[in-house]
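Input: a single structure, listed below in structure tokens.
There are 2 protein chains.
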Amino acid sequence: MATSSLAPPEVPMELHAGNRDRLLTALRAHLSATASPPRGIALLQGGEEQTRHCTDHLELFRQESYFAYLFGVREPGFYGAIDIASGQSILFAPRLPPDYAVWMGEIKPLPYFKDRYKVDLVFYVDEIVQVLQDRFSQHGKPVLFLLYGKSTDSGNYSKPASFEGIEKFDTDLGTLHPILTECRVIKSEMELGLIQYANDVSSEAHIEVMRQAKPGMKEYQLESIFLHHSYRYGACRHCSYTCICATGENSSILHYGHTAAPNDRTLNDGDMALMDMGAEYNFYGSDITCSYPINGKFNSNQATVYNAVLKAHNAVISHMQPGVKWVDMHKLAEQTILESLKNEKIIHGDIADMMTRRLGAVFMPHGLGHLLGIDTHDPGGYPEVEIWILPMFMQV
Amino acid sequence: MATSSLAPPEVPMELHAGNRDRLLTALRAHLSATASPPRGIALLQGGEEQTRHCTDHLELFRQESYFAYLFGVREPGFYGAIDIASGQSILFAPRLPPDYAVWMGEIKPLPYFKDRYKVDLVFYVDEIVQVLQDRFSQHGKPVLFLLYGKSTDSGNYSKPASFEGIEKFDTDLGTLHPILTECRVIKSEMELGLIQYANDVSSEAHIEVMRQAKPGMKEYQLESIFLHHSYRYGACRHCSYTCICATGENSSILHYGHTAAPNDRTLNDGDMALMDMGAEYNFYGSDITCSYPINGKFNSNQATVYNAVLKAHNAVISHMQPGVKWVDMHKLAEQTILESLKNEKIIHGDIADMMTRRLGAVFMPHGLGHLLGIDTHDPGGYPEVEIWILPMFMQV
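Chains as they are written, first to last, in the UniProt record's numbering: chain F, 1 to 396; chain C, 1 to 396.
In structure tokens, the structure reads:
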């Protein structure tokens, strides 16, 4: 029987207020540095609930990440605004029809959201034009800073807020995205606390998977154990990404586990497992991979590879410190792995030559790591992302 | 420790071939009855994998339901065609880039899909224009029957297939949707087998939830137990709908459990539970609700309501037979409930009068039931759906 020492923490809504303060500071500094008027409104649109194709099947909603960062709102259909001059934060909630109460649950009054999300003001979405005009027009038409920019990971663009009547305002599409994205890079203590908790949950769940894994099981059963432990004991309803429960040859497929490769292999005696899974708590995620033999005993080849990776891991950890370049740590990992493989006579030749030719990328085709937070690759729109990963076979 | 007698069955791919045959028969009959040429191609576009907002977070893909019905393809990015004259079935698979093999898994050759999905021919999506022109132009430009129509449940329209070069064909948007939707209403034996299996899984999982539920737990822990039992023992990765684990007052909210009402209440001694959950297996789903006291003992009021519903349920089951009208069964359920409540002196007055005024809808605001299959409301586009539900307070 699984046991757990987890205690899901209260979600500190001050966390999101802290994130808003960080944005305010950065926006004001930017406006000052560019000699722009020190005002305007950062306006974001939260995510909408989606049906599956043409049906009435509602997908379980998970808030858009930038909106989650600033407002922590779990419900769909919201807008959020931050007035740069006063620092006031405003939520706009959807006005729900009366029969929502029968089908979906209690219709919460506006003060509920004000209290829950620690914002200064709450109105309905259909009041957005009037509220922004009435309250923020003392210097003429307020400028709305909308979120529009490219996620460097996906190549997709964030969708700027839109609503009926937006043409009554001046809008700015270029300012907010890079500044807000930069804010998300460095995490606050409260953010780190949630990330740590999500990682604690995931660690415990990984151990439970390891405990139960044995030959004859299916990979998806390991996924199920992870999901269950994370949700039942850790209160994590979502994962940061689709669980990768790879055994045998599947372990070499980096993003195994999706619908077209759905964790459906039977575990064999002698298999290595590569388990790459992470739970998410109040939007903040985790990303943990561990690798072990399904039958509990490494054979000699498995031990060689495992130890080569472990040595690279330890080398990087011991060299990481402020001022060290990420790309140098990537090279250190590759070099350490190549040296281990050479020592074991798996590869032959000159290590420096192998490094120049990026032979290491054959054994480690992915980056050394990535930032982690509200998204698994967090934030995806970070414009300096190229320093975090080293594309396969790029000459360095 | 949970145990299970479940054995996930092999998925019979002939099932989808059978569904295609049903469509062919119906389409040919329609063309004959309307004195139209007995040819053309039913062409559908499968679903595409979606990222979450602008990020590179891939949502776990679940095939679009009409496409799943006809082709059973689990992978995203496919097209499927059925030639009405010859009955030939053709799949068009996406041509994947070489680095797919590193990140996502083995690139399957076309014969893999031909064998797996029991179709006559497989090509790449980028060959679609050429294949349709080369093979089906002996009577001039072939007519493509595309899927376009309204889901009467959601109000959404299905998205007809589109691809570069479609303008080289004649297209028909009106014929396929109502005919294919009608095909989906009556299930084949193989479809019933999968629906039965999904229901068997769900029944077992519900019992496991009931076994473990006790005061002090959280509603979401019950959800987690259900999900885990269905996936670990039943191989059901998806559910038909978001789990509704309602206790106490939440039990009166029909679609409780979504993100804005997320199964987060603590179970109290004395609570009733309303558990509405269903697993899905190879696209075919289940939908089971059961209600019981969390502490294992009905109090008097709980027993009264439970027995009123049970009596209505049994009355409907014993009166159901071919030729009986659904709406009459709905009325029978309402009347039986009203009679029970009157016997218990909870309501007073003339039952016939209450029926005319639809007082029963206060206690049963939803329909008596719905069709079930690849969608939970299956098929949502069924044009005669109004006979299946009785809107609240509609005079009958």
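The beta-carbon is built from N, C-alpha and C at its ideal position, and this holds for glycine as well.
In its own chain, which residues sit with a C-beta less than 7 Å from the C-beta of residue i, not counting the 5 before and 5 after it?
i, result
"F:Phe136", "Ile41, Asp83 and Pro142"
"F:Arg237", "Tyr231"
"C:Tyr197", "Pro9 and Tyr281"
"F:Ile351", "Gln335, Leu338, Glu339 and Lys342"
"F:Ala17", "Lys118"
"F:Leu27", "Ala42, Ile84 and Ile179"
"C:Thr304", "Glu344"
Run the CB neighbour count on residue i, radius 10 Å, all protein chains shown included, and call it buried at 16 or more, exposed below.
i, result
"C:Pro379", "buried"
"F:His206", "buried"
"C:Val201", "buried"
"F:Asp170", "exposed"
"C:Gln63", "buried"
"C:Leu192", "exposed"
"C:Glu263", "The amino acid occupying residue 263 of chain C in the given sequence is Asn; Glu does not appear at that position. So C:Asn263 ends up on the buried side."
"C:Arg74", "buried"
"F:Ala35", "exposed"
"C:Ala260", "buried"
"F:Ala7", "exposed"
"C:Leu161", "The sequence as given places Ala at residue 161 of chain C; Leu does not occur at that position. It counts as buried."
"F:Thr266", "exposed"
"F:Met320", "exposed"
"C:His139", "exposed"
"C:Tyr233", "buried"
Find the residues of chain C that neighbour residue i, judging by a C-beta separation of less than 7 Å, and give them in chain order.
i, result
"F:Gly105", "Ile253, Tyr256, Ala260 and Ala261"
"F:Glu64", "His53"
"F:Pro97", "Here the premise fails: no neighbours, minimum Cβ distance about 13 Å."
"F:Gly248", "Near F:Gly248 there are no residues of chain C at all, since even the closest Cβ is about 13 Å away, more than 7 Å."
Which residues in chain F sit within 7 Å of residue i, going by Cβ to Cβ distance?
i, result
"C:Ser154", "Thr51, Cys54, Thr55 and Asp56"
Going along chain F, which residues have a C-beta under 9 Å from residue i?
i, result
"C:Pro94", "None at all; the shortest Cβ gap to chain F is about 10 Å."
"C:Tyr157", "Cys54"
"C:Gln221", "Tyr231, Arg232, Tyr233 and Ala235"
"C:Leu47", "Here residue 47 of chain C turns out to be Gly, not Leu, going by the sequence shown. Within 9 Å Cβ-Cβ: Arg52 and His53."
Looking only at its chain, what residues have a beta carbon closer than 8 Å to the beta carbon of residue i, apart from the 5 residues adjacent to it on each side?
i, result
"C:Ser13", "The sequence given here places Met at residue 13 of chain C; Ser does not occur at that position. Hits under 8 Å: Gly72, Arg116, Tyr117 and Lys118."
"C:Phe92", "Phe78, Tyr79, Gly80, Ala81, Val122, Phe123, Tyr124, Val125, Glu127, Ile128 and Val131"
"C:Val309", "Ser291 and Ile337"
"F:Asp269", "Pro215, Ile294 and Asn295"
"F:Thr3", "none"
"F:Lys168", "Val129, Gln133 and Lys141"
"C:Thr376", "Ser240, Tyr241, Gly278, Gly285, Asp287 and His370"
"F:Gly349", "Lys342"
"F:Lys187", "Ile195 and Gly373"
"F:Gly47", "Phe61, Arg62, Gln63, Glu64, Phe67 and Pro76"
Near residue i, what residues of its chain come up, given a Cβ to Cβ distance below 6 Å and the 5 sequence neighbours on each side ignored?
i, result
"C:Ala315", "Leu332 and Thr336"
"F:Val385", "In this prediction, F:Val385 scores a pLDDT of 43, lower than 50, which makes its location untrustworthy; no coordinate-derived value is stated."
"F:Thr242", "Gly257 and His258"
"C:Gly87", "Leu24"
"F:Glu164", "none"
Residue i versus chain F: which residues are under 8 Å apart at the beta carbon?
i, result
"C:Ile225", "His228 and Arg232"
"C:Val305", "None at all; the shortest Cβ gap to chain F is about 17 Å."
"C:Gly380", "Cys54, Thr55 and Asp56"
Under 9 Å between beta-carbons, which chain C residues line up against residue i? List them in chain order, please.
i, result
"F:Ser137", "Under the 9 Å cutoff, chain C gives no residues; its nearest Cβ is about 31 Å from F:Ser137."
"F:His377", "Thr55, Asp56 and His57"
What in chain C is Cβ-close to residue i, meaning under 8 Å?
i, result
"F:Ser151", "Cys54, Thr55 and Asp56"
"F:Thr242", "Leu58 and Leu60"
"F:Pro76", "Thr259 and Ala260"
"F:Pro365", "Val102"
"F:Gly80", "In chain order: nothing, as chain C lies at least about 15 Å away."
For this session: Pair every Cβ in the stretch 13-24 of chain C with every Cβ in the stretch 330-346 of chain F, then say whether three or more of these pairs are closer than 8 Å.
Result: no
For this session: Could you tell me which uninterrupted beta strand (DSSP E) segments, each at least 3 residues in length, are contained entirely in the stretch 168-256 of chain C, listed from first to last along the chain?
Result: 170-172 and 244-247
For this session: Specify whether the stretch 31-50 of chain C and the stretch 82-102 of chain C touch according to this definition: at least 3 beta carbon pairs, one from each stretch, less than 8 Å apart.
Result: yes
For this session: Could you tell me which uninterrupted beta strand (DSSP E) segments, each at least 3 residues in length, are contained entirely in the stretch 49-85 of chain F, listed from first to last along the chain?
Result: 79-83
Exercise. Is the stretch 88-102 of chain F in contact with the stretch 207-214 of chain F, if contact means three or more CB pairs nearer than 8 Å?
Worked result: With a cut-off of 8 Å, the stretch 207-214 of chain F and the stretch 88-102 of chain F do not count as touching, because too few Cβ pairs lie within range.
Exercise. Considering only residues of the stretch 278-348 of chain C, which uninterrupted beta strand (DSSP E) runs meet the minimum length of 3 residues and lie entirely inside it, listed in chain order?
Worked result: 279-281 and 288-293
Problem set entry | Stretch-stretch touch, CB-based, cutoff 8 Å, three pairs: the stretch 217-225 of chain F with the stretch 244-252 of chain F | A contact exists between the stretch 217-225 of chain F and the stretch 244-252 of chain F.
Exercise. Do three or more CB pairs link the stretch 51-68 of chain F to the stretch 51-66 of chain C at distances below 8 Å?
Worked result: yes
For this session: Entirely within the stretch 95-127 of chain F and at least 4 residues each: give me those alpha helix (DSSP H) ranges in chain order.
Result: List check, alpha helix (DSSP H) in window: 100-103 and 110-117.
Problem set entry | Segments of 4+ residues assigned as alpha helix (DSSP H) that fall wholly inside the stretch 14-39 of chain F | 14-33
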